[in-house]
Structure formats: structure tokens, C-alpha cells
Amino acid sequence: MRDVAALAGVSVKTVSRVVNLEPHTRPELVARVHAAIAELGWVASGAARTLRTGRTGMLGVGVAELRRPYLATLVEALVIEAERRGMPVAVEPLHGDPGRLRALLAARGRSVDAVVHVGPLPPGAPLDEGAADRPLVVVQGGPVAVDEVPPAVPVALVDRVDEDVVQAVVLIARHLAVMGRRRPVLLGPDRAHGPAEDRARPSAALRAALAAAAPGADPAPGPPLVALPAPADRAAGARAAVAALAAHPGTDVLLCTNDEVALGALAGLAAAGVMVPQQVAVVGYDALDDGRFSAPTLTTVDPGPRALARAALELVHDRLVGAGPAGPRTLVLPVELVRRGSTLGEAAT
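Residue numbers (our numbering): 3 to 351.
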């Protein structure tokens, strides 16, 4: 700890306050201490810290599975951000097992100080009361509009970080209108569905965005939606793309629920002799690196996993030091539409 203090130009006491997440330390000092910890590769004594503070300094991260590329990317961003703040991470793949989730949430205040859950919490998740000192943050747990007031949660304190899915569908709709695309088909549900909406049809937000981008269009019932079997991966996308064109002649763009489906759709269309984007354009969601190297390159929505991770760790930190409002917090972050060859064609090269 003395080496960290010397490198950061602060006292040992300041390093201790930062490592133990104590409040009222100036942000610039916190940043210097974190930079020194990273440079030296210093790790605090977990046993000593637990004896002093009752905390382990450990963050638990729950995720459905790690074989999905985007989930792995987001978990990696969380690990990097947590370690930058001096918090080691225990990653728990849940695989849909309620027992695993129950054990992870019960570990708060014992083996981990806080839990970040990636994706929606399943119905009936075991949430306890009065968890302000045992934070639970849900990242990408479901769509939240920028102007939506988070509902009160009477039995649990759950903070949320989401991307602005309404902004995402508006960006997509405007881009399609500019490119002259008027007959979209969805491969899997879009991301803007509200909790009570039927995911077997386009969300109200997407229908409204398409209607606004193309005046005179009827927002209901909206574009057709082709259901995908689980998992929604490349194989499912390849099959669904061909099925969509057969079922809906005249389709000029496929809106895919994620990049894995979109990359599969590109392969399926190529195998069927369909030119992208001359005959059919393709749009993905998640901004996987693979989309930069596909043929053609993939237009996609970037939800910003690094920004989501930073925001989640900020919420964890605020809860542990007693900062911020007492009630549940929801942060909604902007997205970016990455325009590439699957909609732009040669203009993207």
C-alpha cells in the first residue's frame, strides 16, 4: 500500500479510503490511486479488509452464458472496469438455473459486496428487502425510454443500466428511409418492446419510428416478424433469412434481433444467390467485431458495452459508499448506428 501511495502522491490513509470505498474522497485522488494500483499490479489483502470493514471487495457478475459473443464482450468490459477500480470479479454463468441465481444474490454481503446481473432478471427472482448496502445492478435488463420514470420497487432495491432502445429504432428507421427501404421484415423481436408488449409483433416504438421516417405509412400492424428458435444464433439467422424472403416477397431489408442472426442472414442470403444490399439490406444489433469483416460489412447498432460497464460500476460504487438517491436508479445511455456495407453497398467501401 505504501508503494501505491508513493506513486500516486497521496497518503497511505487515502489509498486505504479509496480501496475500501469510503466516501468523501476527491475524484482526482481516486483516479490517481486507481492508476497507481493498475501500474503496480497491486492487490489488497482481502482478509485484512474484511476484518476491518466487513467487506470482501469482490464483485459478483451473473450472466446467462458466456458462449454468446456479445454477452462475453459485456462481461469482459465489466471485469476490466471493476479491476480498474480495484475490485476483483467472480463471474457466474447461470445457464437458466434459478438455484445459481439464488445463490449469487444470497452471496451479497458475504462472499461478494455487490452483484451485477447481465440481462433481464427472470420472473420470481429472489430479491430481498433493504439491499442498499448489498447492491444489485441489472445491465440491459429490458427497454427503458429516456423519459420513463422508473417504477417503484417496494420489496427490493434494484438499480438498472440500459441502452436507449427507442433511440436505436429511430436511428434504424431514419437510415432505412434515407436508403429508400420501405418493406422491412424482422428476424426475431426488436429490442424496444415494453414489459407487457407482444414480442411476436413489432414493438410500438419501432412501428412509430418507421411511420415517422416514412410519412403516410400505416404504423399498424407494422412489418412482419419471423420467429426464431432458441438459440438466436447464426444458424437460426441463415434459415430465417431464406424463409423470410419466401414468405414475404418484396422484402427489401431484414432487421435482425442481434448480430449473430444478422451474420447468419448474410450467409443464408449469399447461399441463395441474393445480393446484399442490392436486393435485400441487413441490419444487426450489438456491434460484434465480426461485422467489420463480413462480406459485406454489417450495419449494426452499437449499444456501447464499455459505457454500460462504467455506468454499472458507478452505481455499485455509489451504493457502497452511500452516495446518490435512496430509491432505485435507472441510467439510460445513448447508442450509435454503425452504417456499413450491408445497407450502404459500395458507398461504404
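By construction, the Cβ of each residue, glycine as well, lies at the ideal position given by its N, Cα and C atoms.
Owing to the predicted nature of the structure, the values given are computational and were not obtained by experimental measurement.
Opposing strand residues paired with residue i [DSSP bridges]
i	result
Y287	V303
V140	H119 and R162
L256	V187 and V284
Check whether residue i and residue j have beta carbons under 9 angstroms apart
i	j	result
G270	R241	yes
P137	L317	yes
T302	V263	no
L256	V187	yes
V21	G111	no
R185	D254	yes
G1	G239	A query on residue 1 cannot be resolved here, the shown segment of the chain reaching from 3 to 351 and no further.
R74	L103	Per the sequence presented here, residue 74 reads as Ala, with Arg not at that position. Not a contact, by the Cβ cut-off of 9 angstroms.
L80	V117	no
P226	A249	yes
T58	D115	yes
L208	A246	no
A170	A215	no
V17	A33	no
V91	G121	no
R4	V12	no
A243	A274	yes
P279	T345	yes
L96	A66	yes
Member of the options whose CA lies at the smallest distance from the CA of residue i
i	options	result
L68	T253, L335 and G98	G98
A328	V334, L335 and D320	D320
D192	A109, V117, L212 and A105	L212
A229	H250, A210 and A202	A202
D288	R112, P29 and E165	E165
A283	A273, C258 and V14	C258
M181	R28, G306, V285 and P124	V285
G343	Q281, R70, D161 and T299	T299
L129	P100, S113, Q142 and G144	P100
G356	M3, Q142 and A33	Residue coverage of the chain in this structure runs from 3 to 351, which leaves residue 356 outside it and unanswerable.
V160	D200, L96 and L333	L333
V337	Q281, D304 and A249	D304
V314	R104, G326, E83 and V6	Looking at the sequence shown, residue 314 is not Val but Ala. Comparing Cα positions, the closest option is E83.
G347	A297, A237 and V120	A297
P71	A272, P233 and G275	P233
L42	R183, R86, E30 and P217	R86
A206	V276, V167 and P279	V167
D292	R236, L107 and H195	R236
L335	G306, A10 and H36	G306
A325	V12, T27, G11 and L106	T27
L322	K15, W44, N260 and M60	M60
A10	A105, A37 and R19	A37
A105	N260, G62, W44 and P279	G62
A210	V172, A198, R294 and A66	V172
A179	D261, P217 and R294	P217
P125	G144, A109, P204 and L31	G144
I312	A108, L76 and S113	The residue you asked about is not Ile; residue 312 is Arg in the sequence shown. If we check each option's Cα against that of R312, L76 comes out closest.
F295	M277, L268, V276 and Q281	L268
Where residue i sits in the DSSP three-state scheme
i	result
T332	strand
V151	Below a pLDDT of 50, predicted positions are generally treated as unreliable, and V151, at 37, falls in that range; the measurement from the model is reported next regardless. Reduced to three states, the DSSP call for V151 is coil.
L129	coil
V167	helix
V337	coil
V14	helix
P156	Bear in mind that the predicted position of P156 carries a pLDDT of just 43, short of 50, making it unreliable; the figure below should be weighed with that in mind. If DSSP states are grouped into helix, strand and coil, P156 belongs with coil.
R321	helix
S344	helix
D135	coil
V276	coil
A297	coil
G326	coil
P29	helix
V146	For V146, the pLDDT reaches just 44, beneath the cut-off of 50, and the residue's location in the model is therefore unreliable, although a value from the coordinates is still provided. Here V146 sits in coil by DSSP.
A37	helix
M3	coil
A269	helix
Original post:
Fully enclosed by the stretch 170-249, which alpha helix (DSSP H) runs are 4 residues long or longer?
Top reply: 206-215 and 236-249
Original post:
What are the start and end residues of each continuous alpha helix (DSSP H) run of 4 or more residues lying completely inside the stretch 42-125, in chain order?
Top reply: 48-55, 71-86 and 100-108
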